[in-house]
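Numbering (this note's numbering), first residue to last: 16 to 505.
For glycine and all other residues, C-beta sits at the position ideal for the given N, C-alpha and C.
Please read the structure below before turning to the comments.
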Amino acid sequence: MIEANNYHPKINIDELMQKIHDEVAKRQVNSQPAGLKANADTSKIKLNISYIEALLKNAESRTFIRTKWPDKLDRFPFKFNKLQQVILKAINFFFKDQREVNFNLINSLKESIAINRQLIEQITTLKLQVDERLDTLDRNVQRIDDSLNTINTLVGSLLTSIQERLDAMNIRVQGIDEHLSGGDTHIQEIDEHLSAVDTCIQRLDEHLIATNTRIETIDELYIRNDSYLKNDLMQQKRLITIFLEEARKCLPEPFSQEHLQTFVNEDQHLLDAFYVAFEDQFRGSREDIFNTLKVYLPLIQEAQVGTPESSILDVGCGRGEWLELLRESGYTARGIDINRVMLEQCRYRGLEVVEADVIEYLRTLPDGSLGAVTGFHIIEHLSFETLVQLFDQTVRVLKPGGLVIFETPNTRNILVGSGDFYRDPTHKNPIHPDTISFLAKSRGLIKSEAYFLEEIHGMLNLVSSSEIRFDDLNDYVKVSRNMVLIAYKA
């Protein structure tokens, strides 16, 4: 318990706190402008804190134990010392807790004031630093402002100079525009003149195209006639040579029957040159046939034929397109034909060919000696009896698994069956797809089926004849003009 010699009346804590709050509010109102607490008057705050400390000291003095009777009561003429002491002890006893509470509150307020003093000092220091920074910033802003003024002056001068240059440039551009306008007029006149020249050139081009077309037609006709004449001349020369040799052997004796037969045998070759020219005219160009035959190469590859041990024989090899394609693809093949002019063309290209009748040649081959027998547009030249012999000999000379490819005009095409087939005077009998397939099966071949060469998505494909529908007349017109028999030896 705190002892003191002075006597103080009871302290009203609520009243004291209210005064403190009022003083703080008054200080805040008087020391700060509205909305700017950071710029408060520090001296006034310190004065208010001193005032609050004085109030706290007064309140603290009243928290001590009363040991003295109040001076106001000592004015009475009589004294009750013992009674006063008893009363004071009673008062001290009854207000003991109140004094402790008041004492604790006062200590708390003193601590708060001390903290506020520290905060004020820190705020003052911070304000000084901020003021210094603001002064520095003001100086920098002033320098920047001066620099901006200088820059504005320079920019103004520069803009003035640029504007003057732009004005001068606009004048020059205007002059250029006027000059270009005159140039455009001149160019337009030139364009009109060039258009007239283009029209004249176009007419000349059309005339030249027509002339070139006529020249190409004449050249083509000339080439065909020249080829025909050369081939025919070679044939005639050969016949004359044979005739002279035989005549030299017989003179002065008359011709024997054997000599006459030699002349007769040569008669079948009199039209060789004619037929070559006929093929060139109606069969198609060598390049077209060469590209069309590529559709059969996968069959050769799948059958694994065309090797030296399993070679390919092309009967009626003609101009040799198929033989040449096989050679370029790395397959071993040879051909036979009876047209000497065509055979000479094949030999000129380095192809292996033999002049022989197909049936007679096949009879000379041993059994199982070939990997494949092919023939393109030959079977329509044979009689039915010869065709049967062809199949019989083919089955004999093929190895097991050997391949047969025979291409012929497709008589299911109404244009072919009704007219185009008979364009070639050497054609004998048109053959129906079902007939050729049945004939192949009956002579011992397996997997025998007729296919049509149909163009699908720009590519030539082999389509089984059984998959083609013939519902109306258009189907008979649009179907492939060629068909092919594909069969295998068991």
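What are the start and end residues of the beta strand (DSSP E) that includes residue i?
| i | result |
| --- | --- |
| THR389 | 385–391 |
| GLY416 | 413–424 |
| LYS462 | 460–471 |
| ARG349 | 348–352 |
| ASP490 | That residue, ASP490, is in no beta strand (DSSP E); its alpha helix (DSSP H) goes 488–493. |
| LEU340 | Careful: LEU340 lies outside any beta strand (DSSP E), inside the alpha helix (DSSP H) at 336–343. |
| LEU475 | 474–479 |
| GLU367 | Here GLU367 belongs to no beta strand (DSSP E), and DSSP marks it neither H nor E. |
What's the call for residue i, buried or exposed, on a 16-neighbour Cβ count within 10 Å?
| i | result |
| --- | --- |
| LYS72 | exposed |
| ASN155 | exposed |
| THR232 | exposed |
| GLU126 | exposed |
| ASN117 | buried |
| TYR437 | exposed |
| ALA105 | exposed |
| LEU149 | exposed |
| ASP486 | exposed |
| VAL212 | exposed |
| GLN137 | exposed |
| LEU405 | buried |
| SER325 | buried |
| ARG187 | exposed |
| GLN360 | buried |
| VAL101 | exposed |
| LEU141 | exposed |
| SER123 | exposed |
| GLU235 | exposed |
| LEU169 | exposed |
| ARG114 | buried |
| MET498 | buried |
Following the continuous alpha helix (DSSP H) through residue i, name the residue where it begins and the one where it ends.
| i | result |
| --- | --- |
| TYR503 | Here TYR503 belongs to no alpha helix (DSSP H); instead the beta strand (DSSP E) covers 497–504. |
| PRO313 | 312–318 |
| ILE451 | 448–457 |
| ILE429 | 429–433 |
| GLU294 | 287–297 |
| ASP329 | Unbroken run through ASP329 is the beta strand (DSSP E), 327–330; no alpha helix (DSSP H). |
| LEU377 | 373–378 |
| ASN306 | 301–307 |
Excluding five sequence neighbours on each side, which residues of the same chain lie with their C-beta closer than 8 Å to the C-beta of residue i?
| i | result |
| --- | --- |
| PRO512 | Nothing about residue 512 can be reported from this structure: the residues present for the chain run from 16 to 505 only. |
| ILE429 | LEU488, TYR491 and VAL492 |
| LYS462 | ILE501, ALA502 and TYR503 |
Which same chain residues end up closer than 7 Å to residue i when comparing Cβ atoms and leaving out the 5 residues on each side of it in sequence?
| i | result |
| --- | --- |
| ILE224 | none |
| SER65 | none |
| LEU460 | VAL410, VAL419, ALA502, TYR503 and LYS504 |
| ASN131 | ILE64 |
| GLY432 | THR426 and PRO445 |
| ASP182 | none |
| LYS309 | LEU340 |
| LEU475 | THR307, VAL310 and LEU468 |
| LEU483 | Correcting the residue type first, residue 483 is Ile in the shown sequence and not Leu. Result list for ILE483: PHE467 and VAL494, in chain order. |
| ASP206 | none |
| HIS222 | none |
Using 8 Å as the threshold, is the C-beta distance between residue i and residue j below it?
| i | j | result |
| --- | --- | --- |
| PRO448 | GLU395 | no |
| ILE304 | THR389 | no |
| GLY331 | ILE393 | yes |
| GLY417 | ALA387 | yes |
| PRO424 | ARG496 | yes |
| GLU336 | ARG362 | no |
| LEU358 | ALA348 | no |
| LEU402 | SER452 | no |
| ASP407 | ARG458 | yes |
| LYS443 | SER384 | no |
| ILE128 | ILE67 | yes |
| TYR6 | ILE374 | Because the chain is modelled from 16 through 505, residue 6 falls outside the range shown and cannot be assessed. |
| PHE391 | GLU422 | yes |
Say whether chain D places a C-beta atom closer than 8 Å to the C-beta of residue i.
| i | result |
| --- | --- |
| SER398 | The structure shown contains no chain D; it holds only a single protein chain. |
Enumerate in chain order the residues of its own chain whose CB-to-CB distance from residue i is below 6 Å, with the five nearest sequence positions on each side excluded.
| i | result |
| --- | --- |
| GLY350 | ASP329, CYS332, LEU338 and VAL368 |
| LEU380 | VAL412 |
| ILE471 | none |
Counting Cβ pairs, one atom from each stretch, are 3 or more of them under 8 Å apart for the stretch 349–356 and the stretch 310–324?
Result no; under three Cβ-Cβ pairs closer than 8 Å.
Evaluate contact between the stretch 453–469 and the stretch 479–495, counting only Cβ atoms and requiring at least three cross-stretch pairs below 8 Å.
A contact exists between the stretch 453–469 and the stretch 479–495.
How about the stretch 403–418 and the stretch 357–368: do they share at least three Cβ pairs that are nearer than 8 Å?
At 8 Å Cβ cutoff, the stretches do not touch.
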